[in-house]
Amino acid sequence: MPELTSKRGRRGDEPHRLRWSLDGNQDAPVRFARAPGGKLMRVVATCVTCLLASLALVALRHDPGHAQAARSQTADDAAIRDLVAKYVDAREQRSAAAIEELFTEDADQLTSSGEWRRGRDQVVRGALASSERTGGTRTITVETVRLLAPNLAVADGRYEIAGVSGGDSRRMWTTFVLAQGANGWRIAAIRNMLPAS
Numbered sequence: 288m289p290e291l292t293s294k295r296g297r298r299g300d301e302p303h304r305l306r307w308s309l310d311g312n313q314d315a316p317v318r319f320a321r322a323p324g325g326k327l328m329r330v331v332a333t334c335v336t337c338l339l340a341s342l343a344l345v346a347l348r349h350d351p352g353h354a355q356a357a358r359s360q361t362a363d364d365a366a367i368r369d370l371v372a373k374y375v376d377a378r379e380q381r382s383a384a385a386i387e388e389l390f391t392e393d394a395d396q397l398t399s400s401g402e403w404r405r406g407r408d409q410v411v412r413g414a415l416a417s418s419e420r421t422g423g424t425r426t427i428t429v430e431t432v433r434l435l436a437p438n439l440a441v442a443d444g445r446y447e448i449a450g451v452s453g454g455d456s457r458r459m460w461t462t463f464v465l466a467q468g469a470n471g472w473r474i475a476a477i478r479n480m481l482p483a484s
C-alpha cells in the first residue's frame, strides 16, 4: 500500500518547499509551498478571504438585480409610508382634491362600521362625510409594508381617531392595498377593522 511521506528540501533546493509523494518518491510532481517562518495557515486564510471577497464582488456584478431590488424595495417602502401620511393629512384638511389624487379610479374602502365605498368618488365623499361626522384628529402608524409583486403592496397599521364627538378615542387597525402605476403609488383599497373585544 502506498505511503504518504514528506521531506524538506535540502540546501541548494528551493527554500521552504515541501515535497509530498506516495511511495516515498522524492521526485513526485506534486509540491505544496510553505511560507517562511511557519505562517502557512495565515497565508492560506488570507488567500481564502481574498478569494471569497472576489467571488462576492463578481456575484454582485453579475446579479445587479438583487442589489437594485433591495434599493427599490426600500424606496417603495418609504413612498408607501409617505402616501399613507398624505392620506391622513388630506383627511385632516378635508380636501376632496387632495384625497382624490391618492386613490386609483376603481378604489374601494370597507369601513369599521360596515359601509362599503366603491369607486374613487364614493371613497372621497364617504371620507369627507365621516371626518365631518366624527371630528377628531386622525393618525395612522404604519407597522408593516409588504410587496406582493413589483407594483402591488400591502401596508398594515394602527389607526386612531382622537377626540371624536363625545371626547373619546377610537382605536382600530387598517390595511391599505396599494398599486404602482405611471403616476407612482396609489391606494387601491382600504380595510378598517375594530380590535377584537
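Heads up: take any position in the sequence shown, counting from 1, add 287, and you land on our numbering.
Positions of the beta carbon are idealized from the N, C-alpha and C atoms, including for glycine.
Since the structure is predicted, the reported quantities are computational estimates derived from the model, not experimental observations.
Test item: CB-CB of residue i and residue j under 7 Å
i, j, result
"Val-411", "Ala-366", "no"
"Val-474", "Phe-463", "With the sequence shown as reference, residue 474 is identified as Ile, and Val is not the correct amino acid for it. Yes; because the gap between Cβ atoms is below 7 Å, this pair is in contact."
"Asp-376", "Val-432", "no"
"Arg-407", "Ala-416", "no"
"Val-441", "Arg-368", "no"
"Val-451", "Arg-445", "no"
"Ala-466", "Leu-439", "yes"
Residue i - containing alpha helix (DSSP H), residue span
i, result
"Glu-419", "407-421"
"Glu-387", "383-387"
Between the CA atoms of residue j and residue i - distance to the nearest angstrom
i, j, result
"Arg-405", "Gln-396", "7 Å"
"Ala-372", "Glu-392", "20 Å"
"Thr-421", "Phe-390", "22 Å"
"Arg-378", "Glu-387", "11 Å"
"Gln-380", "Gly-423", "12 Å"
"Arg-425", "Met-459", "11 Å"
"Trp-472", "Leu-370", "7 Å"
"Gly-401", "Leu-481", "11 Å"
"Arg-478", "Gly-468", "21 Å"
"Gln-409", "Glu-419", "15 Å"
"Gly-453", "Gly-413", "21 Å"
"Leu-362", "Thr-333", "Looking at the sequence shown, residue 362 is not Leu but Ala. Ala-362 and Thr-333: Cα-Cα distance of roughly 37 Å."
"Ala-476", "Ala-436", "16 Å"
"Asn-470", "Arg-329", "56 Å"
"Thr-508", "Thr-336", "Residue 508 is absent from the structure shown; the chain starts at 288 and stops at 484."
Range of the contiguous beta strand (DSSP E) that encloses residue i
i, result
"Ala-466", "457-468"
"Gly-471", "471-480"
"Glu-392", "390-397"
Opposing strand residues paired with residue i [DSSP bridges]
i, result
"Ile-448", "Arg-425, Arg-457"
"Thr-431", "Asp-443"
"Ala-436", "Leu-439"
"Arg-404", "Gln-396"
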